[in-house]
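S.K.: Following this message is one structure expressed as structure tokens.
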């Protein structure tokens, strides 16, 4: 489903947001609908097409080149390759404007990608306005992510989670996608070298660190190693959890990245530079963060308290 | 005194109903997902329970004009609530696992399954709690000339209790207690309400004589 940009981002984005608001009032809206989950709007401004849910940008895409214009954090969804060079199938939770799905279809045409999206209108919007093409290797299930994961008998080499909503009142985290029981279920559906990449809105220092710390602690209770890739153009942090016990550092990952690029397994031009965002230290709030469980997951309180 | 006791009981009944609705929606999301339909079912099912409870509660109050009779409705409701964390998982599992796993759940069942789950778990406890308000109206309203005021008071007390239940659940309980303990506490509260009613016949005994006055026509 989501994610996105808030106050402290780069100026061009702020400008884009202002322009977006302007265009919302004065045309440029190519699609608008209310689904059971969101007020969905697709707006064209110059060469950029944006998808917004409840007034907040979810996806940006260049109209000239659909592989450009996306938010940086979606590129961290390629990081699982660093831990598993043999990925053959991927489960993505959250479709939105299909940034990650388009990129996977383009750069890894042989990889089987299944996407779980809760909102049927979002699926139509991604298909009609964001160049998303359901294909033999790209399937979409309209379902809640956890319900799907619970029922599926498949195993995946990577699970990519982008299921957050946000509006002017702050982020909304579906609590049942953030508990220990959820991560246990995800780990069961991953292959031996499986990797989970999980988008959280927050930063490693300060602002909203409590929810990030809690999700880190919760993931760490299930996955032996958990790392971070904070985005520079938004407040997104992509957490990567591995089933592998081995702790790795940046030099090892850069070496892996070089191998992947050399063998043409990964062809995304920015791949190597994105690896530098790697962080392995826990967030500052880790020691006082809560372990989230089905029985006790005060995510709403954490979100409002840390604002 | 009667009015005060009845008002407090009805307030607490309204409170418990909304704790079950709000925390229940949260509980169902763990298995049915964070779907819009979970909220739709939870709100719809609780309203069905209220409608049934109001109707049956009012009818029973005419038939058994003793407050102790409420114990037979409230104690089972409380016991069921107490055990929700023990039995609900299995019920929900049965609902979900009846769909073959090799294909997506049909949209109609994506909508109706949460309502089925809500009904099996929350319909009976909320039905029991909903009988309180009409029952109390019947017992407290001694004269026809007071029925408007008394029924207004009871309905308002129940609604104010429900308002408190909504905000306290959402703002406080969910951040401070485990879902299991919230169900246990609500169950215990409901059982206590039932036991209290069981021993309160003496407090309401004058009411029956009041009703006699009424029948005599002296009060009218």
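Chains as they are written, first to last, in the working numbering: chain A, 10 to 316; chain B, -13 to 206.
Think of the CB as a built atom: it goes at the ideal place given N, C-alpha and C, for glycine as much as any other residue.
#1: Please return the same chain residues whose Cβ sits closer than 8 Å to the Cβ of residue 71/B, not counting the five positions on each side in sequence.
#2: What number of angstroms, rounded off, separates the C-alpha of residue 25/B from the C-alpha of residue 269/A?
#3: When you compare the CB positions of residue 194/A and residue 224/A, do they come within less than 8 Å of one another, or not?
#4: With distances taken Cα to Cα, identify the nearest neighbour of residue 191/A among 56/A, 54/A, 305/A.
#5: Which residues, in chain order, does the region -8 to 22 of chain B contribute to contact with chain A at a C-beta distance below 7 Å?
#6: Measuring alpha carbon to alpha carbon, tell me which of 146/A, 289/A, 241/A ends up nearest residue 260/A.
#7: Three-state secondary structure (DSSP) at residue 50/B?
#8: Would residue 63/B and residue 115/B qualify as a contact pair, given that the criterion is a beta-carbon distance under 8 Å?
#9: Using Cβ-Cβ distances below 7 Å, what residues of the region 158 to 174 of chain B are close to chain A?
#10: Do residue 204/A and residue 92/A come within 8 Å of each other at the CB atom, strictly closer than that value?
#11: I'd like to know whether the C-beta of residue 160/A is nearer than 8 Å to at least one C-beta of chain B.
#12: What does the alpha-carbon distance come out to for the pair residue 136/B and residue 49/B?
#13: Rounded to whole angstroms, what is the Cα-Cα separation between residue 166/A and residue 267/A?
#14: As an exercise, report each continuous alpha helix (DSSP H) stretch of at least 4 residues that is fully enclosed by the region 182 to 236 of chain A, in chain order.
#15: Mind listing the chain B neighbours of residue 103/A? Cutoff is C-beta to C-beta under 9 Å, in chain order.
#16: So, are the CB atoms of residue 3/B and residue 32/B less than 8 Å apart?
#17: State the Cα-Cα distance for the pair residue 103/A and residue 295/A, rounded to the nearest angstrom.
#18: Going by C-alpha to C-alpha distance, which of 44/B, 51/B, 27/B, 53/B sits closest to residue 99/B?
#19: Measure how close the beta-carbons of residue 284/A and residue 262/A come, nearest whole angstrom, since I'm counting them as under 8 Å.
#20: Mind listing which residues of the region 116 to 148 of chain A have their C-beta closer than 7 Å to chain B's C-betas, in chain order?
#21: Taking C-beta pairs closer than 9 Å, name the residues in chain A that residue 90/B reaches, listed in chain order.
#22: Less than 8 Å separating the beta-carbons of residue 189/A and residue 253/A?
#23: With residue 99/B as the anchor, note down where its alpha helix (DSSP H) starts and where it stops.
#24: Under 8 Å, Cβ to Cβ, is there at least one residue of chain A near residue 206/B?
#25: Just the chain B side, please: which residues come within less than 8 Å of residue 305/A by C-beta, in chain order?
#26: Tell me which residues share the same chain as residue 148/A and place their Cβ nearer than 6 Å to its Cβ, disregarding the 5 neighbours each side in the sequence.
#27: Kindly list, in the order they appear in chain B, the residues whose Cβ is closer than 7 Å to that of residue 46/A.
#28: Pick helix, strand or coil for residue 96/A, following the three-state DSSP scheme.
#29: What's the call for residue 155/B, buried or exposed, on a 16-neighbour Cβ count within 10 Å?
#30: Where does residue 141/A fall in DSSP's three states?
#31: Let's see if you can read the secondary structure: which residues bound the alpha helix (DSSP H) around residue 108/A?
#32: Is there at least one Cβ from chain B nearer than 8 Å to residue 310/A's Cβ?
#33: Can you tell me whether DSSP reads residue 72/B as helix, strand or coil?
#34: Just reading off the beta strand (DSSP E) that residue 3/A is part of, what are its end residues?
#35: Any heavy atom of the ligand ZN inside 7 Å of the beta-carbon of residue 102/A?
#36: Mark residue 208/A as exposed unless 16 or more other C-beta atoms lie within 10 angstroms of its C-beta, in which case mark it buried.
M.R.: Let me spell this out:
#1: Here the set comprises 165, 166, 169, 170.
#2: Residue 25/B and residue 269/A: Cα-Cα distance of roughly 46 Å.
#3: The Cβ atoms of residue 194/A and residue 224/A lie no closer than 8 Å to each other.
#4: Closest in alpha carbon position to residue 191/A, among 56/A, 54/A, 305/A, is 305/A.
#5: Near chain A, meaning a CB-to-CB distance below 7 Å, the residues of the region -8 to 22 of chain B are 15, 16, 18, 19, 20, 21, 22.
#6: Cα-wise, what sits closest to residue 260/A is 289/A.
#7: Secondary structure at residue 50/B: coil, using DSSP grouped into helix, strand and coil.
#8: Taking 8 Å as the cut-off, the beta carbon of residue 63/B is found closer than this to the beta carbon of residue 115/B.
#9: Of all residues in the region 158 to 174 of chain B, 160, 161, 164, 165, 166 have a Cβ within less than 7 Å of some Cβ in chain A.
#10: Yes, Cβ-Cβ distance for residue 92/A and residue 204/A is below 8 Å.
#11: So yes, residue 160/A belongs to the interface.
#12: Spanning the two alpha carbons is a distance of roughly 19 Å.
#13: Their backbone Cα atoms lie some 21 Å apart in a straight line.
#14: Fully enclosed alpha helix (DSSP H) runs of no fewer than 4 residues occupy 189 to 197, 218 to 229 of the region 182 to 236 of chain A, in order along the chain.
#15: Listed along chain B, no residue sits closer than 9 Å to residue 103/A by beta-carbon distance, the nearest being about 12 Å off.
#16: Taking 8 Å as the Cβ cut-off, residue 3/B and residue 32/B qualify as a contacting pair.
#17: Straight-line Cα distance between these residues: approximately 27 Å.
#18: Of the candidates 44/B, 51/B, 27/B, 53/B, 27/B places its Cα closest to the Cα of residue 99/B.
#19: By a beta-carbon distance limit of 8 Å, residue 284/A contacts residue 262/A. Their separation comes to about 5 Å.
#20: Contacts with chain B (Cβ-Cβ distance below 7 Å) from the region 116 to 148 of chain A involve 127, listed in chain order.
#21: Within chain A, the residues placing a beta-carbon under 9 Å from that of residue 90/B are 150, 151, 152, 157, 160, ordered along the chain.
#22: No, they are not a contact pair.
#23: Where residue 99/B is concerned, the enclosing alpha helix (DSSP H) stretches over 93 to 116.
#24: Any answer about residue 206/B is weak, because its pLDDT of 39 lies below 50 and its placement is not dependable; what the coordinates show is given next. Put simply, the CB of residue 206/B is far from chain A, with every gap to its CB atoms at 8 Å or more.
#25: By Cβ distance, chain B contributes 163, 164, 165.
#26: The beta carbon of residue 148/A is closer than 6 Å to those of 123 in its chain, skipping five residues each way along the sequence.
#27: At a C-beta separation below 7 Å, residue 46/A has these neighbours in chain B: 22.
#28: Three-state result, residue 96/A: coil.
#29: Answer is buried; the Cβ neighbour count reaches 16.
#30: Residue 141/A carries a coil assignment under DSSP once its states are collapsed to helix, strand and coil.
#31: Per DSSP, the unbroken alpha helix (DSSP H) holding residue 108/A starts and ends at 108 to 116.
#32: The beta carbon of residue 310/A sits closer than 8 Å to some beta carbon of chain B.
#33: Taken through DSSP and simplified to helix, strand or coil, residue 72/B comes out as helix.
#34: Since the first and last residues shown for chain A are 10 and 316, residue 3/A lies out of range.
#35: Looking for the ligand ZN in the displayed structure turns up nothing, as the structure carries no ligands at all.
#36: Residue 208/A is buried by the Cβ-count criterion.
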